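In the working numbering, the protein residues as written are 61 to 569.
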Amino acid sequence: MKKIIVILLLVPSVALFAQKKNNPAPYAKSITAADLQKHLYTVAGKEMEGRETATPGQKKAAAYIENYFKSLGLEPGNKGSYQMTFPVFRDEITKSNLEINDIEYKPNEEFQPYTFTNYNTSQYFSEVVFAGHGIADSSFNEYKDVNATGKLVLIMDGLPTSYQPNTGATSAGIFSKIINAQRKGATAVLIVSSNFPRAARPGGTMYRELYRASQYLPTWYVSEKVAEDIMGHTDWLNVKEDYKTQLLPARVYAANVHLEFEKKIQKLESSNVLGFMEGTDLKDEYVFLTAHYDHLGIRNDTTIYYGADDDGSGTVSILELAEAFAKAKAEGKGPRRSIVFMTVSGEEKGLWGSEFYSNNPVYPLDKTSVDLNIDMVGRIGEEYLKDRDSTNYIYVIGDDKLSSDLAPITNQVNKNLKLKLDRKYNDLNDKNRFYYRSDHYNFAEKGVPIIFYFNGVHADYHRPTDTPDKINYKLMAKRVQLVFYTAWEMANRNDMLKRDIKLEVPKGF
């Protein structure tokens with residue numbers, strides 16, 4: 061009995077000694093503003109061309125990340141490879157014609173096919189059904205007075221201010237409008253956009269899934285001039301005056317319309333980049349540190365969207381976190397759990413890279429303790445510009461979901477850093493829906509506890525002016541150190557995080 065008692069007493073003592081000996085502070089301090097700046101001026105530099113998914117710029121960024129992981133001694137994270145590739149498809153328009161009453165219209169000036177929904181087609185119509193804003197839900201049905209079966213439907217972009225939808229009702233999004241028209245039996249859709257032709261890019265639409273269980277309707281954006289030529293001058297003036305505020309009456313117009321479209325489909329490739337650090341006694345459990353390294357690329361042939369904050373800041377944070385853990389391991393203080401450092405692409409297209417990983421995991425998701433995701437941590441968001449805590453805050457999103465362990469750990473590791481932890485976006489009813497808008501969500505959907513680190517949006521968000529010179533590197537370093545301390549705790553604690561909270565998604569989301 062005494063022997064057993066002695067062993068039980070010694071084990072905690074050894075564990076406590078090890079925790080005291082493995083002080084993370086020196087490694088956290090290796091995450092510096094200078095190093096973050098050095099990396100970011102490369103990742104968000106001109107040579108990377110905005111890092112759009114499946115482009116040469118994205119591949120250059122992937123190579124930079126991979127080479128840095130190699131330099132740190134990280135192992136390949138994907139079965140002997142640092143990169144996990146996935147297919148991407150892009151449309152190349154070869155023919156695009158719109159003709160109304162024998163008048164031909166100019167592509168990219170007066171009309172633009174929405175290539176994602178269009179397939180090779182030539183359609184002729186003698187009538188056009190005008191269906192207002194294309195609303196068809198429990199609140200209002202703009203199709204009730206017209207028969208759209210087999211017809212060409214014309215609808216306005218957006219929603220009127222007078223429309224008050226019920227919970228879960230239609231949105232202003234293009235897919236809601238297309239699906240409504242499809243359910244009413246239409247065979248093609250024209251969407252009038254006041255922002256034409258900026259509503260869609262002229263060709264080059266990318267997507268992940270080539271084969272679909274069902275096809276969308278052929279859809280075209282058209283200018284106000286096209287709408288006027290279909291409806292007539294008087295009716296169009298009435299619609300133009302009222303469409304932003306009022307629901308519009310449906311009606312049918314006589315017009316001979318010819319729609320013609322052909323495209324080629326290019327098969328491209330993008331990748332996630334994974335660096336792996338094997339743990340010790342808990343090496344078959346995993347901590348993921350993630351960020352997306354893609355951005356919006358080059359627009360109008362010359363304008364680079366640099367994406368320094370979104371998400372160059374998260375990308376270089378992963379590089380610095382990897383370096384800090386590599387230094388610890390080199391000194392015999394490596395993590396108990398294995399750590400996967402993963403930068404993903406395709407986030408700006410719809411969380412593609414993280415979705416591909418979560419559907420094709422290299423490491424068991426039920427053995428993945430947590431995903432700590434970093435997406436925009438280098439700037440001061442618009443809500444904090446006038447706040448006295450503007451240089452000492454971070455939005456922490458998701459630490460109240462899936463695991464009751466998360467928030468207490470975050471609070472504990474923050475005691476020395478003393479950052480203001482703003483959790484306002486933990487509210488699933490928040491109109492911004494940030495919880496659903498970055499790569500952590502594909503882990504959360506599979507039940508993996510997550511934390512999303514975020515600085516909020518700002519005036520340069522998704523603009524070419526999101527450049528490295530506007531980053532607050534000192535604040536960024538402090539935020540990344542918070543992630544490091546959190547990851548250290550996650551990787552070295554005795555137990556995996558509990559999964560004891562059920563995610564309740566609000567209706568209509």
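All residues carry an ideal CB built from backbone N, CA and C; glycine is no exception. Every value quoted in this text rests on a predicted model; they were computed, and no experiment measured them.
For the 7 Å CB-CB criterion, V317 and F503 do not form a contact. Segment contact: the region 468–483 against the region 401–414, fewer than three CB-CB distances shorter than 8 Å; contact not assigned. Around the Cβ of T375, a 10 Å sphere holds 16 or more other Cβ atoms; the residue is buried. Of the other Cβ atoms in all chains shown, fewer than 16 fall within 10 Å of the Cβ of T525; this residue is therefore exposed. By the neighbour-count criterion, in which 16 or more other beta carbons inside 10 Å mark a residue as buried, P395 falls on the buried side.
Buried is the label assigned to F129, since at least 16 other Cβ atoms lie within 10 Å of its Cβ. Following the DSSP letters along the chain, one finds A248 in no alpha helix (DSSP H) but inside the beta strand (DSSP E) bounded by residues 248–252.
Counting C-beta pairs with one atom in each stretch, the region 109–126 and the region 232–245 have fewer than three that are closer than 8 Å, which means they do not touch. In this structure, D344 is the residue among T177, D344, I215 with its C-alpha nearest to the C-alpha of K427. Note on geometry: alpha-carbon atoms of V473 and R559 lie some 20 Å from one another. Counting C-beta atoms within 10 angstroms of its own C-beta, R439 has 16 or more neighbours from the protein chains shown and is therefore classed as buried. In this structure, the CA atom of K484 is about 17 Å from the CA atom of S464. By the neighbour-count criterion, in which a residue is buried when 16 or more other Cβ atoms sit within 10 angstroms of its Cβ, S377 is buried. For S398, same chain residues with a beta-carbon under 6 Å away, outside a window of 5 residues either side, are E338, G339, K343, Y346 in chain order.
Each of L308, Y496, P84 was checked against the Cα of F190, and the nearest Cα belongs to L308. Of all C-beta pairs linking the region 289–309 to the region 129–148, fewer than three are shorter than 8 Å, placing the two stretches out of contact. Straight-line measurement puts the Cα of I91 at about 13 Å from the Cα of S373. As DSSP reads the structure, Y281 sits in a beta bridge with Q172, I251.
The continuous alpha helix (DSSP H) containing Q472 extends over residues 466–477.
CA-CA distance, N201 to Q242, rounds to 14 Å.
Under the 10 Å beta carbon count, T546 is surrounded by 16 or more other beta carbons and is classified as buried. Here E164 carries a strand assignment [DSSP, helix/strand/coil].
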